[in-house]
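Using UniProt numbering, read the sequence shown as starting at 1 and increasing by one per residue.
Note that CB positions come from ideal geometry on N, CA and C, so glycine has one too.
Input: a single structure, listed below in structure tokens.
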Amino acid sequence: MPVYESIQWLLHSQQNKPPLYNLALDEARKKFNDSASIMAGRGEPVAKVVDRIIHLEKNKLNVRCYYPATDTQDETLPAFVFYHGGGFVYGNLETHDVFCRLLSNRSKCVVISVDYRLAPEHKFPKATEDAYQAFLWTHEHAEELGINHTRIAVGGDSAGGNLAAVTAIKALEQGGPSIAYQLLIYPVVDSAKTYPSYKENSDGYFLTALEMEWFHKQYVDETIDPFDPHLSPLHSNHLGNLPPTHIVTALYDPLRDEGEAYAEQISQAGGTVTVKRYDRMVHGFISMTGIVPEAYAAVEELGEELRRVLYEGSVVK
Numbered sequence: 001m002p003v004y005e006s007i008q009w010l011l012h013s014q015q016n017k018p019p020l021y022n023l024a025l026d027e028a029r030k031k032f033n034d035s036a037s038i039m040a041g042r043g044e045p046v047a048k049v050v051d052r053i054i055h056l057e058k059n060k061l062n063v064r065c066y067y068p069a070t071d072t073q074d075e076t077l078p079a080f081v082f083y084h085g086g087g088f089v090y091g092n093l094e095t096h097d098v099f100c101r102l103l104s105n106r107s108k109c110v111v112i113s114v115d116y117r118l119a120p121e122h123k124f125p126k127a128t129e130d131a132y133q134a135f136l137w138t139h140e141h142a143e144e145l146g147i148n149h150t151r152i153a154v155g156g157d158s159a160g161g162n163l164a165a166v167t168a169i170k171a172l173e174q175g176g177p178s179i180a181y182q183l184l185i186y187p188v189v190d191s192a193k194t195y196p197s198y199k200e201n202s203d204g205y206f207l208t209a210l211e212m213e214w215f216h217k218q219y220v221d222e223t224i225d226p227f228d229p230h231l232s233p234l235h236s237n238h239l240g241n242l243p244p245t246h247i248v249t250a251l252y253d254p255l256r257d258e259g260e261a262y263a264e265q266i267s268q269a270g271g272t273v274t275v276k277r278y279d280r281m282v283h284g285f286i287s288m289t290g291i292v293p294e295a296y297a298a299v300e301e302l303g304e305e306l307r308r309v310l311y312e313g314s315v316v317k
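Okay, here's the thing in structure tokens:
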């Protein structure tokens, strides 16, 4: 089953272009951001967008709060703390702005997008620390934000999916606030890159195996244990106690198999988990809503599932 025609066009346009990791870091980030803006398209209006600053002991974080255009009568809304993708090296609040707007409106949730510190300037575990602190801040400031503190979910795409998974694990390890749900979109969950999908989709499908290797080197020092659960959540001992989890994978993605393996591990540990593979998609498809109609429909579907879970308490099927 081939990728969608609109994705084939995108892949063709990427041929013969030098990989971003061959460029200077500032130039690579600019190209990533510019490309993200083109692929995402135009963002739809929401009720309001509020930028906030989280002041931590040694640094500060920018977050962006999206309030849905909704007719709900609830005084407080569920929230979704979102961590963007980009290999721990690229991405910011702007690269995923269109996604956050769409997800907020479809889920009827306040989406809080987190601008965590990036590698290689800030290596592991800095991003995981920022991610967890952003979740704690959301819970602590729920009343001020107009959020129901019992209905806070976490999620992210790719590297952001890793940070969401680690946040859920940290909440269990540290006795933190309960997380209602986690939505992990083609997440990085295992440092071992030995899965068949790494060979099947090593090149030619937007994200390459070589890029993943480069991202890992930027993010992680060689001294770090590759099985550290804050780096590789699949190796955590807390999988059976995780909140209800939905994992999204794409057929033509090097990360496909590890995401599905994570779902299997959670299930075997006694956790509640569902997984959906998008058979004609590639890695990064939630950021392609402006040029891939099927990606737009998929994000709408994810938003509707998030709404069902956080408003009705039912796990996605």
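- Taking C-beta separations shorter than 7 Å and ignoring five residues to either side along the sequence, the partners of H139 in its chain run H149, I152, P177, following chain order.
- Judged by DSSP in its simplified three-state form, G271 adopts coil rather than helix or strand.
- Distance from G85 to D157 at the Cβ level is roughly 4 Å; contact confirmed, criterion being Cβ atoms closer than 8 Å.
- Close CB contacts of L207 within its chain, under the 7 Å cut and outside five residues either way in sequence, are with D253, P254, H283, G284 (chain order).
- Pairwise C-beta distances place the segment 26-44 out of contact with the segment 218-231, as fewer than three of them are shorter than 8 Å.
- Scanning its chain for C-beta atoms nearer than 6 Å, with the 5 sequence neighbours on each side dropped, one finds around M281 the residues A250, in chain order.
- Note that the C-beta distance between L239 and Q265 is below 9 Å.
- Beta-bridge pairing by DSSP links C65 to V50, I112.
- Exclusion of the five residues before and after L184 leaves G155, G156, G161, A164, A165, T245, H246, I247, V248, G259, Y262 as the residues of its chain whose Cβ lies within less than 8 Å of its Cβ.
- If you draw a straight line from the Cα of A171 to the Cα of M1, it comes to about 40 Å.
- In the displayed model, V166 falls within a helix according to three-state DSSP.
- For R117, there is no enclosing alpha helix (DSSP H), since its DSSP letter is neither H nor E.
- Contact between the segment 87-97 and the segment 113-127 is established, with three or more Cβ pairs separated by less than 8 Å.
- Taking 3 residues as the minimum length, the beta strand (DSSP E) runs contained wholly in the segment 71-159 are 77-83, 110-115, 147-157, in order along the chain.
- At the C-beta level, Y83 and A168 stay beyond 9 Å of one another.
- Between S104 and V111, the gap from beta carbon to beta carbon is short of 9 Å.
- G175 is positioned such that its CB atom lies no closer than 9 Å to that of L102.
- In the three-state reduction of the DSSP assignment, Y296 falls in the helix class, which pools H, G and I.
- When the beta-carbon positions are compared, R307 and S107 come within less than 9 Å of each other.
- With 16 or more other Cβ atoms inside 10 Å of its own Cβ, W137 counts as buried.
- The beta-carbon distance between S6 and V292, rounded to whole angstroms, is 5 Å. This is short enough to meet the 8 Å contact definition.
- If you draw a straight line from the Cα of Y116 to the Cα of W9, it is about 32 Å long.
- For Q14, there is no enclosing beta strand (DSSP E); the enclosing alpha helix (DSSP H) covers residues 5-14.
- A direct Cα-to-Cα measurement between V273 and S267 gives close to 6 Å.
- If one requires a minimum length of 3 residues, the beta strand (DSSP E) runs lying completely within the segment 164-231 are 181-185, in chain order.
- In this structure, the beta-carbon distance from A47 to T70 falls below 9 Å.
- Following the DSSP letters along the chain, one finds L20 in no beta strand (DSSP E), marked with neither H nor E.
- Taking the Cα positions, L93 is about 13 Å away from S287.
- Between A36 and T128, the C-beta gap is not smaller than 9 Å, which leaves the two residues out of contact.
- In the structure shown, H283 adopts coil according to DSSP, grouped into three states.
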